[in-house]
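Trainee:
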Amino acid sequence: MELTKSPVDVRLQLAGNPATGAAAQLLLAQDAHVEVRKTLAGHPALGSATVQYLIKDVEAVLVTLAGNHGLSPLQLRGLVQHESGDVRKALAGNTSAGLEILGLLSRDPLAEVREELASNETLSAQIIDTLLRDPHSDVREAILLWHKEVDTEQQQRLANDPVCAVRERFAWHNATGVDIHEQLLADNAKVRAELASNRSTSISVQQRLALDPAPEVRCALARNAETHEGIQVLLAEDPDVQVRVELAGNEDLAGVAFPLLLKDVEEVQLALAANRGLMPKQYGRLARSGFDKVQMVLAGNPFIDEELIRELGQHAVATTPGSIWTIQHEPSPRLLALARNPGLGESLQREYYEGWKHSPVLMQALAGNRSLVPGLQLLLARHPDTEVRRQLANNEKLAADVARVLLEDMSVRTALIRSQVLDADIEQALRDDHRYDIRFELAGNRYTRTATQLALATDHDVDVRRELLTQANAQRGFILKLAAQAALAQDDHEEIRVLLAQHPHLGLGLQARLAEDEETCVREALAARPSGLHGRALSEEVQLRLLKDPQASVRMALAGNAQLLPHVQLALSRDSDTQVRIALIRKSGSFGPRLLMVVQKSLANDASVEVRSALADALFGLYPPATSEEILLGLAGDSDHRVKEAIVWALNFGEMRFSDAVIDRLRKGLDKDTLEALEEALASCED
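Just so we're aligned, residue 1 is where the sequence shown starts under UniProt numbering, counting upward by one.
#1: Inspect the beta-carbon positions of R581 and D549 and report whether they are closer than 8 Å.
#2: Between the beta-carbon of A257 and the beta-carbon of L272, is there less than 8 Å?
#3: Just to confirm before moving on: does the CB-CB distance between W356 and L348 stay below 8 Å?
#4: Out of G654, A661, L260, point me to the one whose CA is closest to A636's CA.
#5: Leaving aside the five residues before and after V609 along the sequence, list all residues of the same chain whose C-beta is less than 7 Å from its C-beta, in chain order.
#6: Given a cut-off of 8 Å on the beta-carbon distance, is the pair A175 and Q206 in contact?
#7: I631 to A618, Cα distance in whole Å?
#8: How do the stretch 33–49 and the stretch 549–558 stand: do at least 3 beta-carbon pairs fall below 8 Å, yes or no?
#9: Roughly how many angstroms lie between the CA atoms of I417 and D425, to the nearest whole one?
#10: Could you tell me which uninterrupted alpha helix (DSSP H) segments, each at least 4 residues in length, are contained entirely in the stretch 121–169, listed from first to last along the chain?
#11: Within 10 angstroms of its Cβ, does E441 collect 16 or more other Cβ (buried), or is it exposed?
#12: If I measure Cβ to Cβ from S573 and keep anything under 7 Å in the same chain, skipping five residues before and after, which residues do I get?
#13: So for L455, helix, strand or coil by DSSP?
#14: Going by CA-CA distance only, name the one from F478, C521, D491, Q490 that's closest to H503.
#15: Going by C-alpha to C-alpha distance, which of D238, T39, I55, R476 sits closest to R446?
#16: Report the start-end ranges of each alpha helix (DSSP H) in the stretch 336–360 that is 4 residues or longer and not cut off at the edges.
#17: For K481, does the three-state DSSP call read helix, strand or coil?
#18: Cβ atoms of R340 and M296: under 8 Å apart, would you say?
#19: Look at the alpha carbon of S659 and the alpha carbon of A614, and state the distance between them as a whole number of angstroms.
#20: Under the assumption that V8 contacts L565 (Cβ atoms under 8 Å), give the Cβ distance between them as a whole number of angstroms.
#21: Would you mind sorting Y623 into buried or exposed? The rule is 16 or more other CB atoms within 10 Å of its CB.
#22: Which two residues bound the contiguous alpha helix (DSSP H) that contains K190?
#23: Which same chain residues, not among the five before or five after L291, have their C-beta less than 7 Å away from its C-beta?
#24: Three-state secondary structure (DSSP) at P321?
#25: Classify L482 as buried or exposed, calling it buried when 16 or more other Cβ atoms lie within 10 Å of its own Cβ.
#26: Determine the direct distance from the alpha carbon of L221 to that of S204, and round the result to whole angstroms.
#27: Which value, in whole angstroms, describes the spacing of the CA atoms of Q183 and A159?
#28: Just confirm the distance between the C-beta atoms of A90 and A66, as a whole number of angstroms; I'd bet it's less than 8 Å.
#29: Under 8 Å Cβ to Cβ from G368, same chain only, skipping five residues before and after it: list those, please.
#30: On the DSSP letters alone, give me the boundaries of the alpha helix (DSSP H) that N473 sits inside.
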């Protein structure tokens, strides 16, 4: 209970702890920070009183709550008619929702909710049938993807679906009846190609597909792992080389088809050489190919055995008595491919080393081989060629004792420091190193421990601190520990605090601190993050603080934040500064905030024609957000000709069709030139 009074980052961890009891949950459900309540909403064992609190919360919390698999259908029942499509969408994917709720969602007005529902594995046969009849083709496609079994009547209906994409999905994934297959054989080439990928087709159907006039159909059949061996023989003699290439790459290639392809053109043999499903004897026969490229590709195939690797190595060089090696300046490309092959055994690794240790090029290839044994790693760690040692430092399977040797090597330690998980004592020595370049490189290592990150965050050299933040912001999964974040938040350099404000995993307490930063550029950077849908959202407290920021540039940056709370977005749409309202519109879209319907209504009635024109451009142009007929009619009938002109201009780039009522209202009051431009735009949309 005492922890519920701790700093926000502690409360955040408490909210996500499965052991947190009902009393503490109830206090956390009333927490001022939306992120705490959002995390709590995903708790696997929420108490009933806590659920009652959370079910009245903001949309962001309800989305998490609706997707909570630990809740009963009775607890989730109140969300089925929630006004937010995102809440209903999360509920649709919840396997604990119960059939009554799922049945109601199958008739949801939003297609994206019904599409999400299709992925729910607990649907009844009745709900599946309802979704198979859905007017939206994406929903029908989705249900076919997630639920393979469909009865005879449903199959007949799907085979005649008016949308080609639905028939394609059906032909590939769900069609099982012979009669249905026969019907699909008469469909277009795209559908026939998907049927050719179907693993349940009969030999007679496969035979007809093998004679199909469309090469893409025969290619799909050649790729199919279940294509009968007799059909594969037919395809091995197909006149189209691409069909034979696809067959050669099939990892379930029949033994009777292999000899036909073995004598084929180089392109087909290359596909055979890359095939990872052949038998050792087949690889051996392929090794005698007259094409150098084929032997090169085969040498890099990790599924060839050691005997063949040895044979290919012998063919790669002229032999001398008692050894497979000869004295020459550079190894062949085939030999380099063999040295990199992870299937290279220890005995051959040692032969390669002894025979070619004076060849830097081959030793570089061997040093990068992830199956290289520790003993040889140690020998290569002392190789005179710097690039050999650098390749070894980058080896993902580098032994710990070899890493210690390389750390003493000034010329390659940079590569080692950035790429490997380091032992604690090694890491400590590096962070305490007096050399700037060592600490700089260590700052780019995403695997460092808390003590190391804290030391780097307080490093006396600003370049080290900058590199720590730059790499943490750029590398997926590089999360700065809270102790390091707290130290960086007090940095004297505003550039450092700007970079910290952009960190995707910035702690909630530090968000609040940076929201009060004296430098506008820091608050701008904070307001704009996250610019996409990934990364920790700004807490409600911080969003509201930035909403009241005296600098319009900060509020404009906030307008582009992809995870705005609904009431914050609505407040921005009523901001006193016109440029903030325009920024909210222009920064919305696929990666920015999605304009809520209530926000669109507010902006459509804005006193500024500039704002209404910007909204018109967004709603009638390319990739418009979901909107309503009422809003479109209002803009189309705007009293200012500049708004109408903005719509006409936007129509030149948009692909959406609008109702006759919207177009008729738009035509009213247009001058001759603008009317002509409108008709041209509408004609291009039709095309």
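We treat Cβ as the ideally placed atom computed from N, Cα and C, and that holds for glycine. This one's a predicted model, so the numbers in the text were calculated from it and none came from an experiment.
Mentor: Straight from the coordinates:
#1: For the purposes of this step, residue 581 is identified with residue 581 of the sequence shown, where counting begins at 1. For the purposes of this step, residue 549 is identified with residue 549 of the sequence shown, where counting begins at 1. It is not a contact, given that the beta carbons lie outside the stated cut-off.
#2: As a working note, residue 257 is residue 257 in the sequence shown. As a working note, residue 272 is residue 272 in the sequence shown. Not in contact: A257 and L272 (Cβ atoms no closer than 8 Å).
#3: In the sequence shown, the residue the question calls residue 356 occupies position 356. In the sequence shown, the residue the question calls residue 348 occupies position 348. No.
#4: Here residue 636 refers to the residue found at position 636 of the sequence shown. With distances taken between Cα atoms, A636 lies closest to A661.
#5: In the sequence shown, residue 609 corresponds to position 609, counting from 1. Correct list, in chain order: D640, R642, V643.
#6: Your numbering for residue 175 matches position 175 in the sequence shown. Your numbering for residue 206 matches position 206 in the sequence shown. In this structure, Q206 does not lie closer than 8 Å to A175 by Cβ.
#7: Against the sequence shown, residue 631 aligns to sequence position 631. Against the sequence shown, residue 618 aligns to sequence position 618. Rounded to the nearest angstrom, the two C-alpha atoms are 12 Å apart.
#8: no
#9: On the sequence shown, position 417 is the one that residue 417 refers to. On the sequence shown, position 425 is the one that residue 425 refers to. The straight-line gap from Cα to Cα measures roughly 13 Å.
#10: 125–132, 137–146, 152–159
#11: Locating residue 441 in the sequence shown gives position 441, counting from the first residue. Per the 10 Å Cβ criterion, buried.
#12: What you label residue 573 is simply residue 573 of the sequence shown in a count that begins at 1. Counting only Cβ-Cβ distances below 7 Å, and skipping sequence neighbours, we find R581, L584, V599, S602, L603.
#13: Counting from one through the sequence shown, the residue named residue 455 turns up at place 455. In the sequence under discussion, the amino acid at residue 455 is Ala, which differs from the Leu named in the question. DSSP places A455 in helix when its eight states are reduced to three.
#14: Here the question's residue 503 lines up with position 503 in the sequence shown. H503 has its Cα closest to that of F478, out of F478, C521, D491, Q490.
#15: The residue labelled residue 446 in the question sits at position 446 within the sequence shown. The candidate whose alpha carbon is nearest that of R446 is R476.
#16: 346–356
#17: Position 481 of the sequence shown holds residue 481. The answer is coil: DSSP assigns K481 none of H, G, I, E or B.
#18: Taking the first residue of the sequence shown as 1, we reach residue 296 at position 296. Taking the first residue of the sequence shown as 1, we reach residue 340 at position 340. Not a contact, by the Cβ cut-off of 8 Å.
#19: Taking the first residue of the sequence shown as position 1, residue 659 is located at position 659. Taking the first residue of the sequence shown as position 1, residue 614 is located at position 614. If you take the alpha carbons of S659 and A614, they lie about 21 Å apart.
#20: Along the sequence shown, one-based indexing puts residue 8 at 8. Along the sequence shown, one-based indexing puts residue 565 at 565. Not really, about 17 Å apart at Cβ, beyond 8 Å.
#21: Here the question's residue 623 lines up with position 623 in the sequence shown. It counts as exposed.
#22: Here residue 190 refers to the residue found at position 190 when the sequence shown is read from its first residue. Per DSSP, K190 belongs to the alpha helix (DSSP H) from 189–197.
#23: The residue labelled residue 291 in the question sits at position 291 within the sequence shown. For the record, residue 291 in the displayed sequence is Phe; it is not Leu. So the qualifying residues of the chain are E266, Q269.
#24: The residue given as residue 321 occupies position 321 in the sequence shown. Here the model assigns P321 a pLDDT of 38, short of 50, so the residue's position is not dependable, and the following value carries that caveat. Residue state, collapsed to three classes: coil.
#25: Residue mapping note: residue 482 aligns to position 482 of the sequence shown, counting from 1. L482 comes out buried.
#26: Within the sequence shown, the letter at position 204 stands for residue 204. Within the sequence shown, the letter at position 221 stands for residue 221. S204 and L221: Cα-Cα distance of roughly 13 Å.
#27: The sequence position of residue 183 within the sequence shown is 183, counting from 1. The sequence position of residue 159 within the sequence shown is 159, counting from 1. The alpha-carbon atoms of Q183 and A159 are separated by roughly 7 Å.
#28: Indexing the sequence shown from 1 puts residue 90 at position 90. Indexing the sequence shown from 1 puts residue 66 at position 66. Confirmed, about 4 Å.
#29: Position 368 of the sequence shown, counting from 1, holds the residue named residue 368. R340, Q391, L392, N394, N395, listed in sequence order.
#30: To locate residue 473, count along the sequence shown from 1; it is residue 473. Run containing N473: 462–474, per the alpha helix (DSSP H) assignment.
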